[in-house]
Every structure is written in C-alpha cells, then in structure tokens.
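Trainee: In the numbering used here, the protein residues as written are 1 to 96.
(1) So residue 45 packs on residue 18, CB below 8 Å; how close in whole Å?
(2) Using the C-alpha atoms, what's the distance from residue 73 back to residue 88?
(3) Identify, in the order they occur along the chain, each residue of the same chain with its Cβ nearer than 6 Å to the Cβ of residue 35, setting aside the five sequence neighbours on each side.
(4) Assuming residue 22 and residue 59 make a contact with CB atoms under 8 Å, what is their CB distance in whole Å?
(5) Express the C-alpha separation of residue 84 and residue 37 in angstroms, rounding to a whole number.
(6) Is residue 19 helix, strand or coil when you go by DSSP?
(7) Pop quiz: residue 53 and residue 26 are said to be a contact at Cβ under 8 Å. What is the actual Cβ separation, rounded to whole angstroms?
(8) Rounded to a whole number of angstroms, what is the C-alpha to C-alpha distance between residue 71 and residue 92?
(9) Give a yes or no on whether the C-beta atoms belonging to residue 49 and residue 39 are separated by under 8 Å.
Written out as structure tokens, the structure reads:
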C-alpha cells in the first residue's frame with residue numbers, strides 16, 4: 001500500500017481544511033459519479049487518487065466548481081428535453 005503525504009496537496013490548495021473538502025469532492029466524483037481518474041490508478045483507492053491529482057495540480061476547487069456546474073446544466077437540459085417531449089406527447093391528438 002502506498003503512503004501518501006499531504007504536504008504538497010496542502011500547498012496546492014492553501015490549507016488543510018480546504019484540502020479535505022476538495023479531496024472529498026473529487027473522491028466522490030471518482031467513486032459515486034464514476035468519473036475517470038486523471039492519473040494512472042495503480043490500484044489506489046479514490047481518496048489517494050484524489051490527493052495525487054491535487055498534488056499534480058490537475059484538480060482544485062475552481063476546476064471542481066466548473067465540472068459541477070457543467071454537470072448540473074447537462075442534467076437540467078435533459079430534464080427540459082424530457083419534459084418537452086412529455087408535453088408534446090400529451091398534446092398530440094389521438095386518432096382512435
């Protein structure tokens with residue numbers, strides 16, 4: 001098992017408290033949302049991958065905010081399209 005020190009990650013984020021939040025958000029993306037890692041996995045758990053991505057400068061709060069915003073917009077567009085389709089089906093005359 002690889003040991004991870006967080007000093008480099010703390011320096012990238014600014015403080016250890018924000019690091020915990022950013023690392024947790026990224027780990028959740030990897031584990032729950034099935035996002036692809038930005039580095040080789042090497043049999044590491046999602047938390048370790050998240051910390052390594054932060055250390056490498058690939059992930060920070062702003063990047064996660066943009067990704068979350070884009071995901072929300074995509075979900076809203078999908079809901080609007082489904083709703084529009086549903087309304088069209090309801091308003092289509094039936095010739096039975």
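Backbone N, C-alpha and C fix where the C-beta goes; we use that ideal spot for every residue, glycine too.
Mentor: Taking the coordinates as given:
(1) A Cβ-Cβ separation of about 21 Å leaves residue 45 out of contact with residue 18 under the 8 Å criterion.
(2) Their backbone Cα atoms lie some 22 Å apart in a straight line.
(3) Sequence-distant Cβ neighbours of residue 35 in its own chain, meaning closer than 6 Å and more than five residues away, are 29.
(4) Contact flag correct, Cβ pair sits at about 7 Å.
(5) Going from the Cα of residue 37 to the Cα of residue 84 covers about 35 Å.
(6) In this structure, residue 19 counts as helix in the three-state DSSP scheme.
(7) Indeed, because the Cβ distance is near 6 Å, the residues count as touching under 8 Å.
(8) Here the alpha carbons of residue 92 and residue 71 stand approximately 32 Å from one another.
(9) Contact: yes.
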